[in-house]
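Visitor:
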Amino acid sequence: DGGITQSPKYLFRKEGQNVTLSCEQNLNHDAMYWYRQDPGQGLRLIYYSQIVNDFQKGDIAEGYSVSREKKESFPLTVTSAQKNPTAFYLCASRRDRENTEAFFGQGTRLTVV
Amino acid sequence: AQSVTQLGSHVSVSEGALVLLRCNYSSSVPPYLFWYVQYPNQGLQLLLKYTSAATLVKGINGFEAEFKKSETSFHLTKPSAHMRDAAEYFCAVSEEGTGNQFYFGTGTSLTVIP
């Protein structure tokens, strides 16, 4: 079955450590997105990519980095520069059309300990 | 610039009552509009979408929404609430020429009272 896989589902990080969240899709979608979700704030866009080897900052990119070396994969690194990384992170993908829906992974809950 | 406003961060209804979740958008061109549902600790699932065809859109689980250009609204309704409808609901907008970006509302948490 086609879909988006995020791993791990739960992740614990010590302060000062970088951590990478995985996102893989087999839907042959061109566009991929990373969102951060905090209670009462909805989804905020961190980074997005429309094509391999290209990506753009979203509204809250500071303290995060991404790569898009393959169409299927869009990993997100939460760096030590991110002041408040504890959150629920969602990855999504979409065909390269504005009238199509995005498909979401099941999310990764990151907790800084 | 495009944006989405969801009025009411929390809505409570009795089981069997009408569900109405409000969404207003701001867009300089005809938008594409979407409603998603999220259950705890899960990703988002598409309920329905408007892409400039019929203004009344039917989705999964008995939900529907009506696009009203004059009111810049895309409210989500369901005639009779079930306990399983308790979840978080998000409205989203996309439009031509924005580099494939979605813009989400802040969400509405629906509680269904038995």
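Line order of the protein sequences matches chains P and Y.
Per the working numbering, residue 7 is the first one in the first sequence, and the count goes up by one each step.
Per the working numbering, residue 58 is the first one in the second sequence, and the count goes up by one each step.
Just so it is clear, CB atoms sit at the ideal spot from N, CA and C, and this is done for glycine as well.
All of these numbers come straight from a predicted model, not from anything done at the bench.
Please state the DSSP three-state secondary structure of residue 106 of chain Y.
Guide: Here residue 106 of chain Y refers to the residue found at position 49 when the second sequence is read from its first residue. Strand.
Visitor: For residue 139 of chain Y, count neighbouring Cβ atoms within 10 angstroms of its own Cβ and tell me buried if that reaches 16, exposed if not.
Guide: One-based indexing of the second sequence puts residue 139 of chain Y at position 82. Flag for residue 139 of chain Y reads exposed.
Visitor: I'd like to know whether the C-beta atoms of residue 49 of chain P and residue 99 of chain P end up nearer to each other than 7 Å.
Guide: By 1-based counting over the first sequence, the position of residue 49 of chain P is 43. By 1-based counting over the first sequence, the position of residue 99 of chain P is 93. Against a cut-off of 7 Å, the Cβ pair of residue 99 of chain P and residue 49 of chain P comes out as no contact.
Visitor: Mark residue 97 of chain Y as exposed unless 16 or more other C-beta atoms lie within 10 angstroms of its C-beta, in which case mark it buried.
Guide: As a working mapping, residue 97 of chain Y is identified with position 40 in the second sequence. So residue 97 of chain Y counts as exposed.
Visitor: Taking all protein chains shown into account, decide if residue 86 of chain Y is buried (16 or more other Cβ within 10 angstroms of its Cβ) or exposed.
Guide: The residue labelled residue 86 of chain Y in the question sits at position 29 within the second sequence. That one is exposed.
Visitor: Opposite residue 125 of chain P in the DSSP bridges: which residues?
Guide: A question about residue 125 of chain P goes unanswered here, because the residues of chain P that appear run from 7 up to 119.
Visitor: Beta-carbon within less than 7 Å of residue 73 of chain P's beta-carbon, same chain only, minus the 5 sequence neighbours each way: which residues are those?
Guide: The count along the first sequence starts at 1 and reaches residue 73 of chain P at position 67. Only 81 meet the Cβ criterion.
Visitor: Tell me whether residue 20 of chain P sits in a helix, a strand or coil according to DSSP, three-state version.
Guide: Residue numbering aside, residue 20 of chain P sits at position 14 when the first sequence is read from its first letter. Here residue 20 of chain P sits in coil by DSSP.
Visitor: Report the CB separation of residue 53 of chain P from residue 64 of chain P in whole angstroms; it is logged as a contact under 8 Å.
Guide: Translated into positions along the first sequence, residue 53 of chain P becomes position 47. Translated into positions along the first sequence, residue 64 of chain P becomes position 58. Indeed they touch by this definition, with Cβ atoms about 6 Å apart.
Visitor: So, with DSSP's three-state summary, where would you put residue 81 of chain Y?
Guide: Position 24 of the second sequence, counting from 1, holds the residue named residue 81 of chain Y. Residue 81 of chain Y: strand per DSSP, three-state reduction.
Visitor: Checking the sheet assignment: what are the DSSP bridge partners for residue 38 of chain P?
Guide: Looking up residue 38 of chain P in the first sequence gives position 32. Looking at the DSSP assignment, residue 38 of chain P forms a beta bridge with P:55, P:99.
Visitor: How many Å lie between residue 88 of chain Y and residue 160 of chain Y at the Cα?
Guide: Position 31 of the second sequence, counted from the first residue, corresponds to residue 88 of chain Y. Position 103 of the second sequence, counted from the first residue, corresponds to residue 160 of chain Y. Roughly 11 Å separates the two Cα atoms.
Visitor: Since residue 164 of chain Y meets chain P, which of its residues come closer than 7 Å, beta carbon to beta carbon?
Guide: The residue given as residue 164 of chain Y occupies position 107 in the second sequence. Under the 7 Å cutoff, chain P gives 48.
Visitor: Write down the C-beta distance between residue 76 of chain Y and residue 135 of chain Y rounded to the nearest angstrom, noting that I regard them as a contact closer than 8 Å.
Guide: Here residue 76 of chain Y is taken as the residue at index 19 of the second sequence, counted from 1. Here residue 135 of chain Y is taken as the residue at index 78 of the second sequence, counted from 1. Right, the Cβ-Cβ distance comes to about 4 Å (below 8 Å), so this counts as a contact.
Visitor: Shorter than 7 Å from the beta carbon of residue 120 of chain Y to some beta carbon of chain P?
Guide: Translated into positions along the second sequence, residue 120 of chain Y becomes position 63. No, no contact with chain P.
Visitor: Is the Cβ-Cβ distance between residue 170 of chain Y and residue 71 of chain Y less than 7 Å?
Guide: For this step, residue 170 of chain Y is matched to residue 113 along the second sequence. For this step, residue 71 of chain Y is matched to residue 14 along the second sequence. Against a cut-off of 7 Å, the Cβ pair of residue 71 of chain Y and residue 170 of chain Y comes out as a contact.
Visitor: For residue 43 of chain P, does the count of other Cβ atoms within 10 angstroms reach 16, so buried, or fall short, so exposed?
Guide: Counted from its first residue, the first sequence places residue 43 of chain P at position 37. It is buried - the Cβ of residue 43 of chain P has at least 16 other Cβ atoms within 10 Å.
Visitor: So that I know if they touch, is there some Cβ in chain Y lying closer than 7 Å to that of residue 128 of chain P?
Guide: Residue numbering for chain P in the displayed model covers 7 to 119; residue 128 of chain P lies beyond these limits and cannot be assessed.
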